[in-house]
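Its first residue numbered 3, the sequence shown is counted upward by one per residue in the numbering used here. For reference, the structure is listed below as structure tokens.
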Amino acid sequence: MQSQEVYIVSEAVCYIEEHLEHKLDLEMVASALHYSKYHLHRIFAKTVGLTIHDYVQRRQLTEAAKLLAFSKKPIMEIALESGCESQQAFTDIFKKMYKVTPARYRTAANFYPLQLEMQLKQNYKKPDITQNDIRFAALSDVNDWMDLVCLTVDGYPCLNEREYLENLYRYISDKQALILRDEGKAIGIMGFSTEKSSIDFLAIHPQYRNLGMEKIFIDKLMDELIVGKEISLTTYRKGDRADTGYRKKYISLGFQERELLTEYGYPTQRFVLSPENRGKTQNEEISK
Numbered sequence: 003m004q005s006q007e008v009y010i011v012s013e014a015v016c017y018i019e020e021h022l023e024h025k026l027d028l029e030m031v032a033s034a035l036h037y038s039k040y041h042l043h044r045i046f047a048k049t050v051g052l053t054i055h056d057y058v059q060r061r062q063l064t065e066a067a068k069l070l071a072f073s074k075k076p077i078m079e080i081a082l083e084s085g086c087e088s089q090q091a092f093t094d095i096f097k098k099m100y101k102v103t104p105a106r107y108r109t110a111a112n113f114y115p116l117q118l119e120m121q122l123k124q125n126y127k128k129p130d131i132t133q134n135d136i137r138f139a140a141l142s143d144v145n146d147w148m149d150l151v152c153l154t155v156d157g158y159p160c161l162n163e164r165e166y167l168e169n170l171y172r173y174i175s176d177k178q179a180l181i182l183r184d185e186g187k188a189i190g191i192m193g194f195s196t197e198k199s200s201i202d203f204l205a206i207h208p209q210y211r212n213l214g215m216e217k218i219f220i221d222k223l224m225d226e227l228i229v230g231k232e233i234s235l236t237t238y239r240k241g242d243r244a245d246t247g248y249r250k251k252y253i254s255l256g257f258q259e260r261e262l263l264t265e266y267g268y269p270t271q272r273f274v275l276s277p278e279n280r281g282k283t284q285n286e287e288i289s290k
């Protein structure tokens with residue numbers, strides 16, 4: 003059953019990729035593939051972690067950002083190719099995601115994607131995974147690690163790949179990089195600092211995000227590597243349209259809000275998790 007759902011979602015992803023220059027919605031995709039829109043909505047959101055609307059929008063904005071950075075196409079033309087009916091509508095949604103106007107983004111010419119084409123694991127079945135399955139990453143894991151980073155790039159605003167790789171090699175050398183695989187495929191990664199008691203990056207494959215993998219990583223960290231201490235991380239600010247659920251997930255694990263920050267020009271917020279608050283949620287926040 004799960005394999006059939008992955009096949010259907012993969013068909014939907016392929017159709018979306020072939021029609022990115024058009025205005026797309028759930029009903030159009032479902033009709034083209036001859037599936038119930040209610041069924042397609044449910045399994046797409048469960049598998050990808052995004053609704054079709056949000057996935058399409060993020061993919062179209064990513065392609066628009068690429069054109070802004072690397073082509074001389076007029077912004078109005080790029081807006082229309084992104085499924086927007088006007089340049090103003092395009093500017094509004096682009097700024098909500100990229101935090102700058104299309105014109106300023108073009109001037110900076112510093113492309114990074116919000117969403118790359120989703121690559122799904124076929125023959126997927128729910129794994130039985132524990133903390134013991136997570137191990138320290140080695141240099142041989144770097145390529146698969148970076149593949150997962152690219153797939154989950156929504157969690158890394160303004161990613162500088164060269165700088166990221168330099169940090170990754172250091173984390174691996176210092177035994178501060180963890181990796182989780184399922185049938186040989188990297189499905190979870192974490193870089194952390196024992197000195198700062200912080201999680202510096204954490205990514206889970208979209209197909210595994212609803213299986214509690216974040217909790218397994220955090221339990222591993224607090225039970226074995228940073229024991230008895232408060233840990234911190236940064237994530238999206240409340241209401242950020244670019245957030246695909248990271249903030250809500252961390253709150254569900256007991257993280258508490260702290261100060262607002264700006265990292266690499268991007269607005270973020272620091273969160274902390276103390277040993278006594280593990281599993282305790284901020285009910286009012288997570289219900290929104």
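Note that CB positions come from ideal geometry on N, CA and C, so glycine has one too. Computed from a predicted model, the values in this text were never measured in an experiment.
Start and end residues, alpha helix (DSSP H) containing residue i
i, result
"Leu170", "163-175"
"Leu42", "39-50"
"Ala91", "89-100"
"Asp149", "144-153"
"Ala139", "From DSSP, Ala139 is part of no alpha helix (DSSP H); its letter is neither H nor E."
"Leu35", "28-35"
DSSP three-state assignment for residue i, whether helix, strand or coil
i, result
"Phe113", "coil"
"Lys75", "coil"
"Lys68", "helix"
"Met192", "strand"
"Asp202", "strand"
"Gln6", "helix"
"Arg260", "strand"
"Glu287", "Residue confidence is low: Glu287 scores 48 on pLDDT, short of 50, so the model does not pin down where it sits. Its coordinate-derived value is still stated next. Helix at Glu287."
"Pro129", "coil"
"Glu13", "helix"
"Glu20", "helix"
"Glu119", "coil"
"Glu304", "Nothing about residue 304 can be reported from this structure: the residues present for the chain run from 3 to 290 only."
Span of the beta strand (DSSP E), counted from its first residue to its last, around residue i
i, result
"Asp184", "179-184"
"Gln271", "268-275"
CA-to-CA distance, residue j to residue i, given in whole angstroms
i, j, result
"Gln178", "Phe194", "5 Å"
"Gly186", "Thr93", "42 Å"
"Val8", "Gln124", "7 Å"
"Gln166", "Lys282", "First, the residue type needs correcting, since residue 166 is Tyr and not Gln in the sequence shown. Their Cα atoms are separated by approximately 32 Å."
"Asn112", "Gln258", "33 Å"
"Thr270", "Tyr107", "19 Å"
"Asp221", "Val50", "25 Å"
"Glu286", "Thr196", "Since pLDDT at Glu286 reaches only 42, below the 50 mark, its modelled position is unreliable, and no value is offered."
"Val155", "Asn212", "18 Å"
"Arg61", "Gly214", "26 Å"
"Val15", "Val229", "42 Å"
"Ile10", "Lys39", "12 Å"
"Gly267", "Leu28", "34 Å"
"Asn279", "Asp202", "20 Å"
"Arg272", "Leu35", "43 Å"
"Gly85", "Gly190", "33 Å"
"Glu79", "Leu69", "10 Å"
"Ser289", "Lys75", "Note on Ser289: pLDDT 47, under 50, position unreliable in the model; the coordinate value appears next. Whole-angstrom Cα-Cα distance: 43 Å."
"Pro303", "Asp225", "Outside the displayed span of the chain (3 to 290) sits residue 303, for which this structure offers no information."
"Ser5", "Glu13", "12 Å"
"Leu150", "Met192", "11 Å"
"Leu223", "Lys250", "20 Å"
"Ile218", "Lys198", "21 Å"
"Ala66", "Leu161", "17 Å"
"Leu275", "Leu255", "8 Å"
"Ile181", "Gln89", "43 Å"
"Thr102", "Ala244", "According to the sequence provided, residue 102 is Val. The question's Thr does not apply to it. Cα to Cα, Val102 sits roughly 13 Å from Ala244."
"Tyr114", "Gln133", "33 Å"
Rounded distance between the beta-carbons of residue j and residue i, thought under 8 Å
i, j, result
"Ser234", "Ser200", "5 Å"
"Leu63", "Leu116", "6 Å"
"Ala188", "Asp146", "4 Å"
"Leu42", "Val58", "About 13 Å separates the two Cβ atoms, so there is no contact after all."
Neighbour flag for residue i against chain D, beta carbons, 8 Å
i, result
"Leu35", "The chain inventory of the structure shown lacks chain D, comprising one protein chain alone."
Sequence ranges, beta strand (DSSP E) only - wholly within the stretch 212-257, length at least 3: 233-238
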